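Chains as they are written, first to last, in my numbering: chain A, 43 to 135; chain B, 43 to 135; chain C, 43 to 135; chain D, 40 to 371; chain E, 40 to 371; chain F, 40 to 371.
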Amino acid sequence: MKRLDLIFSDRELDAILEALEQAQVPGYTVMKHATGRGPERVVTEDMEFTGMGANAHVIIFCEQEMIDSIRDNIKSILSYYGGVAYVSEATPL
Amino acid sequence: MKRLDLIFSDRELDAILEALEQAQVPGYTVMKHATGRGPERVVTEDMEFTGMGANAHVIIFCEQEMIDSIRDNIKSILSYYGGVAYVSEATPL
Amino acid sequence: MKRLDLIFSDRELDAILEALEQAQVPGYTVMKHATGRGPERVVTEDMEFTGMGANAHVIIFCEQEMIDSIRDNIKSILSYYGGVAYVSEATPL
Amino acid sequence: MESSLIIKNVLSPPILFFFLGVIGFATKSDLEIPAPLPKLFSLYLLLAIGFKGGVELQASGLSGQVIPTVCSAILMSLLIPLICFFILRLKFNVYNSAAISAAYGSISAVTFITAESFLEAQNIHFDGFMVAALALMESPAIIVGLLLVKFGASKDIPSKRIMKWRSILHESMLNGSVYLLLGSLLIGFLTAAYNPAAVAKMQPFTGKLFFGAECFFLLDMGIVAAQRLSRLHQVGKYLIAFSIFMPIFNAFLGGLVAKSLGLESGNALLFVVLCASASYLAVPAAMRMTVPEARSTYYISTTLGLTFPFNIVIGIPVYMSLVNKLIPPGVT
Amino acid sequence: MESSLIIKNVLSPPILFFFLGVIGFATKSDLEIPAPLPKLFSLYLLLAIGFKGGVELQASGLSGQVIPTVCSAILMSLLIPLICFFILRLKFNVYNSAAISAAYGSISAVTFITAESFLEAQNIHFDGFMVAALALMESPAIIVGLLLVKFGASKDIPSKRIMKWRSILHESMLNGSVYLLLGSLLIGFLTAAYNPAAVAKMQPFTGKLFFGAECFFLLDMGIVAAQRLSRLHQVGKYLIAFSIFMPIFNAFLGGLVAKSLGLESGNALLFVVLCASASYLAVPAAMRMTVPEARSTYYISTTLGLTFPFNIVIGIPVYMSLVNKLIPPGVT
Amino acid sequence: MESSLIIKNVLSPPILFFFLGVIGFATKSDLEIPAPLPKLFSLYLLLAIGFKGGVELQASGLSGQVIPTVCSAILMSLLIPLICFFILRLKFNVYNSAAISAAYGSISAVTFITAESFLEAQNIHFDGFMVAALALMESPAIIVGLLLVKFGASKDIPSKRIMKWRSILHESMLNGSVYLLLGSLLIGFLTAAYNPAAVAKMQPFTGKLFFGAECFFLLDMGIVAAQRLSRLHQVGKYLIAFSIFMPIFNAFLGGLVAKSLGLESGNALLFVVLCASASYLAVPAAMRMTVPEARSTYYISTTLGLTFPFNIVIGIPVYMSLVNKLIPPGVT
Ligand SMILES: Nc1ncnc2c1ncn2[C@@H]1O[C@H](COP(=O)(O)O)[C@@H](O)[C@H]1O
Ligand SMILES: Nc1ncnc2c1ncn2[C@@H]1O[C@H](COP(=O)(O)O)[C@@H](O)[C@H]1O
Ligand SMILES: Nc1ncnc2c1ncn2[C@@H]1O[C@H](COP(=O)(O)O)[C@@H](O)[C@H]1O
Ligand code: NA
Ligand code: NA
Ligand code: NA
């Protein structure tokens, strides 16, 4: 099994979740209110009230095939709006 | 060293933490207010006010033996109430 | 690529972020409002209003060299104030 | 007459803000009230209605209609789940039937508040002791729901699943919202009895602010209800019909009881609303803990997505007409 | 005269709390107002000004100066971004120029509120319909900004990047803060028309509490603005100069329009402030979604770190003097 | 006489809500006030007492008892930690002793507020300048605590651990809650002096709402204190006894100083309460940053789990009797 970590502006959350649902991932977890810094831009919690939101951190545990099938879709969303995606190994308890 | 990720409804948090304490884990971290979707059910942040809460994400860094000793206990709680548990590799910095 | 997970009292967040910036990490993500237990001390969300804060969970995706270059700095901060740091494997999506 | 009452009701700020939330969700506006702000308002509303109810209960005393009304309310919260259970068992298993029944036997504090605002707008008098009825109808419904599971479920469940009385009572009496409501009621009562000056000092917080906070909360409830409504297809036609007709039936039942209790029209409306409303707070939270076998979509989408909006928008004025027919004003 | 007005303005609680926040950040005090509490106050302020504006709009009716004023305000929110765009294009690419222009064409609700408090402190009358102008100036500026991108950007952008009218309208009309402001305005209007008793019941929440909540929010705005100010070096001198001189120019333009509309000095000041202020809420949020090519530092650090503090501290009293010169009091 | 005062105190809404929180935790009710809502209330309370205190300080001026009282308060916050330190050193190391001492030298704003509400309920007059004493007692206690570490700790600590004056002053003066309290005090003072109309506009927020918000906050404090109380066994008997007897001793000391200052009974009670109360906000936060060697359980479980509840429930009425004995009413 794999673990996929996605971090991006929470304004794109709907688009990402739609992509995940389309690929029929077995499940996902969303943590909002994350802040951070990417190559060029600082996201701070205090801008949340402006509607610009903070980041969302999405975790998906799934099989390698699933990862392959959503890769293009997710990468195109992230390349447009910014954000990162990393895969690591995970085994069920 | 291992990293154990548990994600489940935060109403079960007390039960899980009790199980962890019993097994004498060296420590744990809890992140509340996580939302998500499992095989059948969507958990949304907006239901938090109803007392039904959102999900909790618990991270435990520990040795393999520890994992083995808490496996059954944790799995039985999760199988009853729902939730996921995954193990991955981690090395101290 | 590596994934570095840091968990510590959010009162030390500024010091840690400064250390990360100095090492010129490519980016990081901060999740506040984490609670937990270390070897001796319980951190609870309800103490947040006292200004003692809860924990912060910082995730950094970066190369192994970067990890090596920040190791000493981070470890000295964590050894003084408490907190944990673990490294694991991660590959870009 | 109903239609004019419905229009009047719809044009009150709380209902208008409710619609603002609904339309915001429907049009995909990114208006959202992030957690835990809705919790702030729900805690505030429970604290405030509890406190105000306690103060008025102390003023009216426990004489006259108070005891019979409160007892009848409790009885209704025991009876209604039983009726619901038999209707639901035609289509659903024991777990789902019991969980949904408990929700409909219980009450919705926000529906109650909306009915109070409606009465105030119509200048119809009602008594503070009705809050006591509100506070005391949640626990019995939860208990009945859990008993239905305990005795209705097949006997071959694994040993650890057997529900203990302790946890049944714990979930029913010490659920956060039940506890805060009952506690605030008691504090209001004690304060009014022994410290009347403090009641006036609480007034700006629990009294004056209430209407505005209700509007704010209903804005969020509109967003939440619309989300649930959008998932309502998952529950099937039977349950959709149930979530409209059951409240009407319960309202009718409540109206008859209110008449036989000799309640004035204001109190009668509140009594009817208690019977007709369904819980989306305490009961779902308790059921999720104690009956995880039941699908939460069933008892949340129905109560929150359909019964709640129906009651606050159309139900309340319709029930008012019903009460006016059953209890001719000026007679009591 | 300006300096005495500036001092009076600076010694009002909202501005003092703003400075408390600024100094707190500058001295590295760990005072912070954690998310989502600032959102609570910003939602509250939008709801309250919308509701109050709607109530007053209903009272004044749509006659007299209302329609011309509101239409002129909308025109200003279309015109100002165009002027800004040409000034900014001298130094910046289409994306950045358009995004910044949209922000300056739009408005800042908190600046508007501060100007209202300033007028109240000076006992100068103003009308509720100005809130309608406020509410209607955000969407057009966003639309102009997006059109500038649509027609100004080079034609070789990948197909999926082509902005659709649908999403332009969605972002401009259904942005959370625009939606809440317009919705509350409508609710205030309807309530005042059909349910006047409810207006009084809302008053403790939307009226009495307002000033204090404004102070609390400005405390947070002080912290946030100071953070942005500290990053201002990233935007360069040209943009720093722009974020002070553009508001003054827009104010002057607004003053002339206000005079030609025959507005009284109170309304004229609000009109000027609408022109001079820049959006750090709806517009940046919309731009980030629809023009990710633009650097958000540009349109946030300028509007929030410089234009906003300048306007509320120095701008408002200066604009008041301007208005007093253009529109001699007692003439209207 | 004390027992009737205790009962009267216990039957006030803030204390009743405090107990509601305690019992909620003890009975494992799932009532909780999620972060960051408690922070909202603590920020609000600090802002409101600061502002009100500043307004009243401006009214009373800096003449008469103001300067001597405030100076004595500061002296007490320097003296008390020294006394505590010698008592604690019998059992604890330098780090723990210093951190606990600093907490007891400092104050608890909520205890102070509760004492004010107690006085209001008894119709006993007190002055606004006592808030200045409150605001000025936190920093000195923190400084003494850090100096005790600096000079008391063994000399072989690693170089980077040597505390710098800069960081000592920073933690003591710019701690978020100290900063907000002092800042609001100053803003209240300035507003009352230069903008008296604005004081009235703040009143609904800082004045009217206060009592209710205090209740809400004490509900949460009840939950938190009960949690700490449940961990009290970790601190040992010596510290448990310390956390009851030290406040009583400090109260007695404070009473003598208040008498020698010639304070009226209302102000005297507040002075005594300042001496008797211990900080669970600013000081623990500062200690955790600057003295990580100290075990936080020691200074949090004692101040929050025992001293705080003792003071607000039993202490205040007992101290009132003490004051009444030391300062016969009608004499001043
Ligand atoms: N190397 C990284 N490690 C961890 N988080 C990152 C990293 N790079 C970016 N992020 C997160 O992704 C968000 C969006 O990144 P970007 O749009 O590329 O600036 C940032 O705000 C961070 O929260
Ligand atoms: N495959 C998955 N990947 C990530 N999170 C998951 C996954 N499956 C379930 N979860 C999380 O676990 C929670 C409970 O799952 P369940 O009770 O199985 O529906 C969900 O709400 C998700 O937050
Ligand atoms: N073994 C562990 N696994 C996960 N989180 C931990 C672990 N040990 C400590 N932590 C987290 O790190 C924080 C600080 O740890 P410490 O200062 O060592 O007590 C704790 O409050 C936990 O949130
Ligand atoms: Na019911
Ligand atoms: Na403008
Ligand atoms: Na003290």
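Glycine residues also receive a C-beta, built at the ideal position from the N, C-alpha and C atoms.
Because the structure is a prediction, the values reported are computed rather than measured.
Beta-carbon to beta-carbon, Y143 of chain F and V330 of chain F are separated by about 15 Å, too far to satisfy the 8 Å threshold. Following the DSSP letters along the chain, one finds H272 of chain D in no beta strand (DSSP E), marked with neither H nor E. Inter-residue distance for A61 of chain C and M260 of chain E is about 28 Å (C-alpha atoms, whole angstroms). For a Cβ distance threshold of 7 Å, residue set F91 of chain B lies close to S81 of chain D, ordered along the chain. Distances between the C-beta of Y70 of chain C and the heavy atoms of ligand 5 are all 7 Å or more. With 16 or more other Cβ atoms from the protein chains shown falling within 10 Å of its own Cβ, E87 of chain B counts as buried.
Judged by their CB atoms, L229 of chain D and L50 of chain F are nearer to each other than the 8 Å cut-off. In the displayed model, V322 of chain E falls within a helix according to three-state DSSP. Taking C-beta atoms under 8 Å as the contact rule, S140 of chain D and A325 of chain D fail to qualify, at a distance of about 13 Å.
Shown here is that no member of the segment 110-129 of chain F has a Cβ falling below 9 Å from a Cβ of chain E. Not a single C-beta of chain B is nearer than 8 Å to the C-beta of L135 of chain C. Here DSSP, grouped into helix, strand and coil, assigns I101 of chain B to strand. A distance below 8 Å separates the beta carbons of L120 of chain A and F50 of chain A. Listed by position along chain C, the residues whose Cβ is nearer than 8 Å to that of R205 of chain F form an empty set, because the closest Cβ is around 15 Å away. Here the alpha carbons of A321 of chain F and Y122 of chain C stand approximately 21 Å from one another. Neighbours of E71 of chain F in chain D, taken as residues whose beta carbon is under 8 Å from its own, are G215 in chain order. Proximity of the segment 116-136 of chain F to the segment 296-311 of chain F falls short of the contact definition, fewer than three beta-carbon pairs being nearer than 8 Å.
Assigned with DSSP and collapsed to three states, R205 of chain F falls in helix. Between the alpha carbons of C123 of chain E and A137 of chain E lies a gap of roughly 8 Å. Taking the beta carbon of G78 of chain A as reference, no residue of chain E falls within 7 Å; the closest one sits roughly 14 Å away. For L248 of chain E, the residues of chain F that pass the 7 Å Cβ criterion are P243 and F244, in the order they occur in the chain. Ligand 2 has a heavy atom closer than 7 Å to the beta-carbon of N97 of chain B.
The DSSP assignment places complete alpha helix (DSSP H) segments of no fewer than 4 residues inside the segment 45-100 of chain E at 52-65 and 76-99, in order along the chain. Residue burial is scored here from C-beta neighbours: Q273 of chain F has fewer than 16 other C-beta atoms within 10 angstroms and is therefore classed as exposed. When the beta-carbon positions are compared, V149 of chain D and F256 of chain D come within less than 8 Å of each other.
For K247 of chain D, no alpha helix (DSSP H) run applies, since DSSP gives it neither H nor E.
About 31 Å separates the CB atoms of G60 of chain F and I226 of chain F; that is not less than 8 Å, and the two are not in contact.
F50 of chain A is bridged by DSSP to A:A98.
Short of 8 Å from the beta carbon of I283 of chain E, and not among the five residues preceding or following it, lie these beta carbons of its own chain, in chain order: L345, T346 and F349.
Residues of chain F with a Cβ closer than 7 Å to the Cβ of A236 of chain D are, in chain order, A160. Secondary structure at V67 of chain B: coil, using DSSP grouped into helix, strand and coil. When the beta-carbon positions are compared, F103 of chain B and A132 of chain B come within less than 8 Å of each other. Considering only beta carbons, the part of the segment 82-95 of chain F lying closer than 9 Å to chain E consists of L82, Y83, L86, A87 and F90, in chain order.
At a cut-off of 8 Å between beta carbons, Y70 of chain B contacts chain C. Within the segment 304-315 of chain E, not one residue has a Cβ closer than 9 Å to any Cβ of chain F.
The beta carbon of S316 of chain E sits closer than 6 Å to those of I146, S147, T150 and N350, all from its chain and outside the five residues before and after it, given in chain order.
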